[in-house]
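Chemist:
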RNA sequence: GCGACCGUAGCUCAGUUGGUUAGAGCGCUGGUUUGUGGUACCAGAGGUCGGGGGUUCAAGACCCCUCGGUCGCCCCA
């Protein structure tokens, strides 16, 4: 018989367990709590969408669409894509379900996204995001609310230290187009001073040259035309209202005139919460206004704003591993007491008390596995319906509370013997 | 798509300038021992050294390819 080759996990995917999983779950739980505080409704969406959902909204020329999507033909011959981001799918759902009737709508989602990229720190092929969107609100107050919520989320996660909000405006469509034309003209005049990467960006996404990391590009990029000179009156007013709202809410921000977003659909507000603690991945949460997107999907002109944050990135920034629930094990002090111990354990669990039980029958082995399971205390079942409590680790005070609560639920007839372990 | 470093038992790693039957700790299994209980000790299982090809009398160690991992570029959350 040939040896069976164990299949490997797909590149760029993760099997999360232990502390990694706890951190991940903590981020999601915190997001779920905070988004409710702001009245954002939950949403569950398909992981697969027609390819057109993304190619039309993100822009054919973007890296995401042109070379990073997991697209395939299904058995019926339709082109299907594993979602590389949330916004486009949300916009599609908004249109196909006729949610215009609920506008303005505040929505939140979280789940896996897929992008075929080279894995590295904070970047995976299957990664996860939390996402919040407001669809159908053209007012700057919507942008402000999203940013205030993001700010509170980061604070509640305890990672706002060292994370700064960078803010910019891309202007309305006429402003953006005029600025873009000026940039292209300017960069073409200085082609000779640009890096190779930036020359190709000039063709595909000239705005990107502005935040190039290549030192060669910096002098040219730093002297490039600035959006402020091309902003219409309305665009200026809009941006002013957003910054005023943030100031009123006490959210710290800094202007970064070179901040542009990677996807084509953004207008007006663009923002990123950035950190230097994630290696090459500086952005922890990013988003902006995308008033043109829904039209690109064949819908009516609909204003919208939103942001997304990488759960893995947030999880890596959490400092202390999240606390765990205190627990103890019920141990049979002799093999023949095992059934008795099981009865007590089951009673406690039905009353909502978390209890560890070993699968072994040997008392010594039971203690060993209980310690391995990281319990805080041991509750021994002894002949004559006697109970004995031993403290293993953690706060003895908290353990006493836990045991007291547990004893209130123990089957009738049991007596606790004195003894506090060590 | 490009670049750098890395890939030895379940885990963390040793393995001298290529040379006899590939090692340790932890973990796992079994046993002995132990103060009402995180002990110590003994034994055992477990590796075709990521995979394939090549150089050599001889390769885990050298070369090539390939697959993974890590980090960076690009891009992005």
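Residue numbers (my numbering): 1479 to 1900.
Backbone N, C-alpha and C fix where the C-beta goes; we use that ideal spot for every residue, glycine too.
Would you kindly report the start and end of the unbroken alpha helix (DSSP H) that includes residue 1608?
Modeler: Run containing residue 1608: none in the alpha helix (DSSP H); it sits in the beta strand (DSSP E), 1604-1613.
Chemist: So what does DSSP say about residue 1688, is it helix, strand or coil?
Modeler: Residue 1688 falls in the helix class under three-state DSSP.
Chemist: Can you tell me the Cα-Cα spacing of residue 1646 and residue 1744, whole angstroms?
Modeler: Their Cα atoms are separated by approximately 11 Å.
Chemist: Have a look at residue 1480 and residue 1771 and give me their C-alpha separation to the nearest angstrom.
Modeler: For residue 1480, the predicted model reports a pLDDT of 41, less than 50, meaning its position is unreliable and no value from the coordinates is stated.
Chemist: So, with DSSP's three-state summary, where would you put residue 1672?
Modeler: If DSSP states are grouped into helix, strand and coil, residue 1672 belongs with coil.
Chemist: Hey, residue 1529 and residue 1559: beta-carbon distance below 7 Å or not?
Modeler: Taking 7 Å as the Cβ cut-off, residue 1529 and residue 1559 qualify as a contacting pair.
Chemist: Note down, one range per segment and in chain order, each alpha helix (DSSP H) of at least 4 residues found wholly within the region 1817-1888.
Modeler: 1841-1850 and 1874-1885, all fully within the region 1817-1888.
Chemist: Between residue 1517 and residue 1510, what straight-line distance do the alpha-carbon atoms span, to the nearest angstrom?
Modeler: So the two alpha carbons sit approximately 11 Å from each other.
Chemist: In chain order, what are the residue ranges of uninterrupted beta strand (DSSP E) at least 3 long that sit wholly in the region 1522-1608?
Modeler: List check, beta strand (DSSP E) in window: 1526-1528, 1548-1551, 1557-1560 and 1583-1592.
Chemist: Can you tell me which of 1641, 1685 and 1636 puts its alpha carbon nearest to the alpha carbon of residue 1659?
Modeler: Looking at the Cα atoms, 1685 is the closest of the given residues.
Chemist: Tell me which same chain residues have a C-beta within less than 6 Å of the C-beta of residue 1764, skipping the five on either side of it?
Modeler: Cβ within range, chain order: 1750.
Chemist: List the whole-angstrom C-beta distance separating residue 1766 from residue 1748, where the pair is believed to meet the contact cut-off of C-beta under 8 Å.
Modeler: That pair is a contact at about 4 Å.
Chemist: If distances are taken between C-alpha atoms only, which option among 1844, 1678 and 1676 comes closest to residue 1810?
Modeler: Nearest C-alpha to residue 1810: 1844.
Chemist: Take residue 1698 as the anchor and find which of 1667, 1725, 1712 and 1854 has the nearest alpha-carbon.
Modeler: Among 1667, 1725, 1712 and 1854, the Cα nearest to that of residue 1698 is on 1667.
Chemist: Can you look up residue 1813 in the DSSP assignment and give me helix, strand or coil?
Modeler: DSSP places residue 1813 in helix when its eight states are reduced to three.
Chemist: State the DSSP-derived secondary structure class of residue 1631, mapped to helix, strand or coil.
Modeler: Looking at residue 1631 - three-state DSSP - the assignment turns out to be helix.
Chemist: Do residue 1543 and residue 1566 have their CB atoms nearer than 7 Å?
Modeler: No.
Chemist: Considering only the alpha carbon of each residue, which of 1570, 1494, 1584 and 1493 lies closest to residue 1520?
Modeler: Looking at the Cα atoms, 1584 is the closest of the given residues.
Chemist: Here's a check: name, in chain order, each residue in its chain whose Cβ is nearer than 6 Å to the Cβ of residue 1769, leaving out the five neighbours to either side.
Modeler: Hits under 6 Å: 1745 and 1781.
Chemist: Can you give me the C-alpha to C-alpha distance between residue 1613 and residue 1889, rounded to a whole angstrom?
Modeler: Cα-Cα distance, rounded: 55 Å.
Chemist: Taking C-beta to C-beta, are residue 1868 and residue 1856 nearer than 7 Å?
Modeler: Yes, they are a contact pair.
Chemist: Can you tell which of 1797, 1723, 1760 and 1627 has its C-alpha closest to the C-alpha of residue 1642?
Modeler: Considering only alpha carbons, the answer is 1760.
Chemist: What did DSSP end up calling residue 1666 once you bin it into helix, strand or coil?
Modeler: Note: residue 1666 maps to helix in three-state DSSP.
Chemist: Should residue 1600 go down as buried or exposed, given a rule of 16 or more other Cβ atoms within 10 Å for buried?
Modeler: With 16 or more Cβ atoms within 10 Å of its Cβ, residue 1600 is classed as buried.
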